Amino acid sequence: MNFVSTILQIKGNDVYTVKKDTPLINVLELMAEKGIGAVLVMEDEKIAGIFSERDFARKVAKTRNLSLDVPVSELMTKDVFVISPDETIDECMALMSSSKIRHLPVIENEKLVGLISIGDVVRISIDDKDLQIQSMEKYIFGYGYGQ
Numbered sequence: 186m187n188f189v190s191t192i193l194q195i196k197g198n199d200v201y202t203v204k205k206d207t208p209l210i211n212v213l214e215l216m217a218e219k220g221i222g223a224v225l226v227m228e229d230e231k232i233a234g235i236f237s238e239r240d241f242a243r244k245v246a247k248t249r250n251l252s253l254d255v256p257v258s259e260l261m262t263k264d265v266f267v268i269s270p271d272e273t274i275d276e277c278m279a280l281m282s283s284s285k286i287r288h289l290p291v292i293e294n295e296k297l298v299g300l301i302s303i304g305d306v307v308r309i310s311i312d313d314k315d316l317q318i319q320s321m322e323k324y325i326f327g328y329g330y331g332q
């Protein structure tokens, strides 16, 4: 069984954050430059919200006339689900699926220690299943279990 901490060990703890008053254009430029789908919006070192490509797409679809100078706080999602490093990948997948979200901040001892995406969760799940299949094939074909 894999845990969120395993994902963080593999991908690292880099989290891109912006302040609530950061202009939307600056946030979009950061996301494009870093190749990321979401940033955390911070206020006094606490998570105030999350802004994702999906938030941007929805706002553009609704308004069709969006100023890129508005603060990111006007478009961010304010209700942010968080997880801890010791939660399982299955728990993350269930939360992401039921809540229809793609990113989860990771909090440990009230500090932000990472951000995982649905892509991270799927990748580690596939890797885990591949290892299980290989172990079962070795066992079935007589090479011994877990060798």
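Be aware that the sequence shown starts at 186, since it is given in our numbering, and climbs by one per residue.
We treat Cβ as the ideally placed atom computed from N, Cα and C, and that holds for glycine.
All of these numbers come straight from a predicted model, not from anything done at the bench.
Query                                                                                                                                                                        : Result
Cα separation between G197 and T248?                                                                                                                                         : 37 Å
What whole-angstrom Cβ distance do I301 and C277 have, given they're in contact under 8 Å?                                                                                   : 7 Å
Under the rule that 16 or more other beta-carbon atoms within 10 Å means buried, what is L253, buried or exposed?                                                            : exposed
Quick one, are the C-beta atoms of I292 and V189 less than 7 Å apart?                                                                                                        : no
Checking 7 Å against the spacing of the C-beta atoms, do M261 and F236 come in under that value?                                                                             : yes
I'd like to check one pair, V212 with V200: are the Cβ atoms closer than 7 Å?                                                                                                : no
Count the other C-beta atoms from every protein chain shown that fall within 10 angstroms of the C-beta of V245, then say buried if there are 16 or more, exposed otherwise. : exposed
Restricting to runs no shorter than 4 residues, where is the alpha helix (DSSP H) found entirely within the segment 244 to 320?                                              : 274 to 284
Could you check if A217 is buried or exposed, using at least 16 other CB atoms within 10 Å of its CB as the buried criterion?                                                : exposed
Put I235 into one of helix, strand or coil per three-state DSSP.                                                                                                             : strand
What residue does the beta strand (DSSP E) around T202 start on, and which one ends it?                                                                                      : 202 to 204
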